[in-house]
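Accompanying notes for the structure given below.
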Amino acid sequence: LCAPPIFTNSSLEEKKMKRLKSVKHWLIAACILTTFVIQLGFPASVLAVKQGGILKIGLPFNPQKPGDPGSSMANGDQSIGGHIFNQLVDWEYDENAKVTRVNPSLATKWKKSANGKIWTFYLRKGVKFHDGSPFNAEAVKVNLDRLTIGKPKLTYGRDLRPILDRTEVVNSHTVKLYLKVPSPLLLAFLGQYAAGMVSPTALKKYPGKIARHPIGTGPFKVKKWISGQSIELAANKNYWAGRPNLDGILFRVVPDSSARINMMTVGELDVIWSVPVQDHPRINKSKNFEVIVYPTAGIMRFYLDCGVGPTSEILVRQAMNYAIDKKTMVNEILQGVGQTADSVVAPFTWGYYGASKATYNPEKAKQLLKKAGWVDKDGDGIREKNGKKLTLSLMTTPPDRYLMGGEIVLALQEYMRAVGFDFKIQFMEFGAWIGKLYRTFDTTEGNVFFFDYSSRTDAMFILNTMQSGRWYPNKKSTIFWKNDEYDRLYKLAAVEVDDNKRLQQYKRMQEILADEQPMIDLYILSQTVAKKKNVHGLSLVPIPTHKVFMHASKAWID
């Protein structure tokens, strides 16, 4: 694969225009974040809210397991499942305080014991699952037991397994959670998408197949699912928080960005995700459509295999970080729709610390590689050591999954080649890619993976994925990195209830990651949504709570 010539010199005026574009996009983002949740379109006080209609949304990715929150945190699954499931608690982003706040949802209130190890939750009454079965304390126990002690173990139950000992049914609408240790993160875990309440009746009816049968308590329920093409949701007329304005939502899988735009302009779609930056001006000039840009807590990054060479060598990993011009990628390719990352944790997340001070320095990258023993002996531009070429393969999803994803990975390839890597790119279908990404140590192959992961409401959501207990000795992981100090700090932070002490532990953990580079953080992901101007009330949040990035439970069509 050969990258287009993106590193050309720009004139002064061109540079000014690019800077203005960057400022423009981030001003838009700042304006968007002026409330807890952004309501797109005119406020209801100006236009009367209307009932009815089907909202048609074009997604760049194919949902895999929207019926089983505990098994998937993929954007495609969350974007749909976030409309189907509720959690015990809800999280909203408070722009004024720059924090996320927890609110009641399926639990109306809660309390904890003096020692912090017993939590009592009082449940909302009169709630039913989409199949008509009641939501009650027994349903909560079934779901939490499935996350923590179920077989096989659910992927995203691992957040709760270290802290939750058992769940006890007190009465039909009261449950007690007994913790192994006091945890500052229990509510954060219970409010994430993975803790969505699934119908116990459906779990019995579809053993091992619940991922294909999404049944929750949320504002919408599944009406029709055509694999690889679409999922249609119908309004839950008996929703406990009130019937949605829409009659339904149709999610259509359209991987190609040009096709998504065309389908919107001819009326086949009302809203589309991941709009390429070069198309923003054309869409915004239209009388009928608009583009919304807003930042998220997701960071695009390289996940490096620290268990297999050459990325098992810390000098090689550090060299890769210096070899990449992150600012140019954001300014030139993304045209300012984004922000360079200086930590594994995003600025919107509690516990963020900008630990990385490294800047683009290809000469330093070359020096580090030479120090590690990698030199170009035959003059072909590729470094060697002990008879082996400095070769890496980048595994990534289809180009249109991420904003300008194809252009970004080609640029990354050129950066790596410029300092002596034989850097190959392999675009993969999402399911096959996931199979490569999550692997055991004995099956790892030394590849590099390009994707985003969100730090969500608390830094621990990303920091806990690095500690060696996540993979040692035979668990599936992504990086196979081990640092004794980091592991020690993780164990302390996981049970530290003093926020000031925990912040210091988080800070040091981010410093260790910035030094050893088991992953290379590239840029903070901005979401770009284009919509018809007659669509109102869409909610966009920078922190991907259970509502993910975009939620239509209060949307309506004029």
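765 is the number that our numbering gives the last residue of the sequence shown; the numbers go up by one with no jumps. Just so it is clear, CB atoms sit at the ideal spot from N, CA and C, and this is done for glycine as well. Since the structure is predicted, the reported quantities are computational estimates derived from the model, not experimental observations.
Legend entry - Helix, strand or coil at I669 [DSSP, three-state]: Counted from its first residue, the sequence shown places residue 669 at position 462. I669 falls in the helix class under three-state DSSP.
Inset, instruction - May I ask you to list the residues that DSSP assigns as paired with V309? - result: What you label residue 309 is simply residue 102 of the sequence shown in a count that begins at 1. As a beta-bridge residue in DSSP terms, V309 pairs with W298.
Legend entry - Same chain, Cβ closer than 8 Å to Q294, five either side skipped, listed in chain order: As a first step, residue 294 must be located in the sequence shown, where it is residue number 87. Taken in chain order, the residues that qualify are S312, L313, L397, G398, Q399, Y400, A402, G403, M404, H753.
Legend entry - Three-state class that DSSP yields for F336 in the structure shown: Within the sequence shown, residue 336 is the residue found at index 129, counting from 1. Secondary structure of F336 (DSSP, three-state): coil.
Legend entry - Segments of 4+ residues assigned as alpha helix (DSSP H) that fall wholly inside the stretch 688-763: Every alpha helix (DSSP H) of 4 residues or more that sits fully in the stretch 688-763 is shown, in chain order, as 691-700, 706-723.
Inset, instruction - With a 10 Å radius around its C-beta and 16 neighbouring C-beta atoms as the bar for buried, classify I433 as buried or exposed. - result: Numbered from 1 along the sequence shown, position 226 holds the residue referred to as residue 433. With a 10 Å radius around the Cβ and a threshold of 16 neighbouring Cβ atoms, I433 comes out exposed.
Legend entry - Expected contact under 8 Å - CB spacing of N343 and L330 to nearest Å: Reading the sequence shown from its first residue, position 136 is the one you call residue 343. Reading the sequence shown from its first residue, position 123 is the one you call residue 330. Going by Cβ atoms, the distance from N343 to L330 rounds to 7 Å, so yes, they are a contact pair.
Legend entry - Local conformation of R419 per DSSP, three classes: The sequence position of residue 419 within the sequence shown is 212, counting from 1. Three-state DSSP puts R419 in a helix.
Legend entry - DSSP-derived helix/strand/coil call for R663: As a position in the sequence shown, residue 663 is number 456, starting the count at 1. Residue state, collapsed to three classes: coil.
Inset, instruction - Find the nearest neighbour of P451 within the set K596, H290, L597, F656, judged by alpha-carbon distance. - result: As a position in the sequence shown, residue 451 is number 244, starting the count at 1. The residue with the shortest Cα to Cα distance from P451 is H290.
Inset, instruction - Check whether the Cβ atoms of I370 and L393 lie closer than 8 Å to each other. - result: Within the sequence shown, the letter at position 163 stands for residue 370. Within the sequence shown, the letter at position 186 stands for residue 393. Annotated as proximal: I370 and L393, with beta-carbon spacing under 8 Å.
Legend entry - Close-in-space but distant-in-sequence residues of the same chain around A768 (CB under 6 Å, 5 per side omitted): One cannot answer for residue 768 here, as it falls past the ends of the chain, which runs 208 to 765.
Legend entry - Contact under 8 Å by Cβ, Q717 with L696: For the purposes of this step, residue 717 is taken as residue 510 along the sequence shown, with counting starting at 1. For the purposes of this step, residue 696 is taken as residue 489 along the sequence shown, with counting starting at 1. In this structure, the beta-carbon distance from Q717 to L696 does not fall below 8 Å.
Legend entry - Among A409, T650, F656, nearest to N681 - alpha-carbon criterion: Locating residue 681 in the sequence shown gives position 474, where the first residue counts as 1. Minimum Cα distance to N681 is reached at T650.
Legend entry - Burial state of R524, where buried means 16 or more other Cβ atoms lie within 10 Å: Working through the sequence shown from its first residue, we reach residue 524 at position 317. Buried is the call here.
Inset, instruction - Take G283 as the anchor and find which of T472, M757, Q633 has the nearest alpha-carbon. - result: As a first step, residue 283 must be located in the sequence shown, where it is residue number 76. Nearest of T472, M757, Q633 to G283, Cα basis: M757.
Inset, instruction - Report the three-state DSSP secondary structure of Q546 (helix, strand or coil). - result: Counting from one through the sequence shown, the residue named residue 546 turns up at place 339. In the three-state reduction of the DSSP assignment, Q546 falls in the strand class, which pools E and B.
Inset, instruction - Measuring alpha carbon to alpha carbon, tell me which of L361, I422, L367, F328 ends up nearest V382. - result: The residue given as residue 382 occupies position 175 in the sequence shown. It is F328 whose Cα lies nearest to the Cα of V382.
Legend entry - Buried versus exposed call for T242 [16 or more other C-beta atoms within 10 Å across all chains shown]: Numbered from its first residue, the sequence shown carries residue 242 at position 35. For T242, the pLDDT reaches just 33, beneath the cut-off of 50, and the residue's location in the model is therefore unreliable, leaving the point undetermined.
Legend entry - Candidates L541, K319, M667: closest to V616 by CA position: For the purposes of this step, residue 616 is taken as the residue at position 409 of the sequence shown. The shortest Cα separation from V616 among L541, K319, M667 belongs to L541.
Inset, instruction - Quick one: residues in its chain with C-beta nearer than 6 Å to the C-beta of G653, no 5 flanking neighbours on either side, listed in chain order? - result: If you number the sequence shown from 1, residue 653 lands on position 446. The residues D512, V515, in chain order, have a CB closer than 6 Å to that of G653 in the same chain once the five nearest residues on each side in sequence are set aside.
Legend entry - Among S550, N593, G323, the one whose alpha carbon lies nearest that of R715: In the sequence shown, the residue the question calls residue 715 occupies position 508. When only C-alpha atoms are compared, the closest one is S550.
Inset, instruction - Please confirm whether L453 and G260 have their CB atoms less than 8 Å apart. - result: Here residue 453 corresponds to residue number 246 of the sequence shown, with the count starting at 1. Here residue 260 corresponds to residue number 53 of the sequence shown, with the count starting at 1. A contact, by the Cβ cut-off of 8 Å.
Inset, instruction - Report yes if the CB atom of G627 is closer than 8 Å to the CB atom of G594, and no otherwise. - result: What you label residue 627 is simply residue 420 of the sequence shown in a count that begins at 1. What you label residue 594 is simply residue 387 of the sequence shown in a count that begins at 1. No. Outside cutoff.
Inset, instruction - Label S603 either buried or exposed according to how many other C-beta atoms from any shown protein chain fall within 10 Å of its C-beta, with 16 as the threshold for buried. - result: In the sequence shown, counting from the first residue as 1, residue 603 sits at position 396. Residue identity differs from the one stated: residue 603 is Thr in this sequence, not Ser. Counting Cβ neighbours within 10 Å, T603 comes out buried, since at least 16 surround it.
Legend entry - Touching by the beta-carbon criterion (3+ pairs, under 8 Å), the stretch 479-497 and the stretch 637-644: Look at the beta carbons and you see the stretch 479-497 not touching the stretch 637-644: under three pairs across the two are nearer than 8 Å.
Legend entry - Short Cβ contact (8 Å threshold) for I422 with S406: On the sequence shown, residue 422 is found 215 positions in, with the first residue counted as 1. On the sequence shown, residue 406 is found 199 positions in, with the first residue counted as 1. Yes, the pair counts as a contact, with Cβ atoms nearer than the cut-off.
Inset, instruction - Could you name the residues of the same chain whose beta carbon sits closer than 8 Å to that of G364, not counting the 5 residues immediately before and after it, in chain order? - result: Residue mapping note: residue 364 aligns to position 157 of the sequence shown, counting from 1. Excluding residues within five positions, the ones whose Cβ falls inside 8 Å are G277, R353, L354, T355, G357, A401.
Legend entry - C-alpha distance - E475 paired with P359, whole-angstrom precision: What you label residue 475 is simply residue 268 of the sequence shown in a count that begins at 1. What you label residue 359 is simply residue 152 of the sequence shown in a count that begins at 1. The alpha-carbon separation between E475 and P359 amounts to approximately 41 Å.
Inset, instruction - Compute the Euclidean distance between the alpha carbons of V582 and L386, then round it to the nearest angstrom. - result: Locating residue 582 in the sequence shown gives position 375, where the first residue counts as 1. Locating residue 386 in the sequence shown gives position 179, where the first residue counts as 1. Those two C-alpha atoms are separated by around 53 Å.
Inset, instruction - Mind reading off the beta-carbon distance from S481 to Y609? Whole number of angstroms is fine, and I expect it under 8 Å. - result: Position 274 of the sequence shown, counting from 1, holds the residue named residue 481. Position 402 of the sequence shown, counting from 1, holds the residue named residue 609. Indeed, because the Cβ distance is near 7 Å, the residues count as touching under 8 Å.
Legend entry - Delimiting residues of the beta strand (DSSP E) encompassing N378: The residue labelled residue 378 in the question sits at position 171 within the sequence shown. From DSSP, the beta strand (DSSP E) with N378 extends over 371-378.
Legend entry - Terminal residues of the beta strand (DSSP E) in which M470 lies: The count along the sequence shown starts at 1 and reaches residue 470 at position 263. Unbroken run through M470 is the alpha helix (DSSP H), 464-472; no beta strand (DSSP E).
Inset, instruction - Please confirm whether K738 and F496 have their CB atoms less than 8 Å apart. - result: Residue mapping note: residue 738 aligns to position 531 of the sequence shown, counting from 1. Residue mapping note: residue 496 aligns to position 289 of the sequence shown, counting from 1. Contact flag set, yes.
Inset, instruction - Thinking S320 and T503 are a contact (beta carbons under 8 Å), I'd like their distance in whole angstroms, please. - result: Translated into positions along the sequence shown, residue 320 becomes position 113. Translated into positions along the sequence shown, residue 503 becomes position 296. No, S320 and T503 are not in contact; Cβ-Cβ is about 36 Å, not under 8 Å.
Inset, instruction - Along the alpha helix (DSSP H) that carries R489, what are the first and last residues, could you check? - result: The sequence position of residue 489 within the sequence shown is 282, counting from 1. Unbroken alpha helix (DSSP H) run through R489: 487-492.
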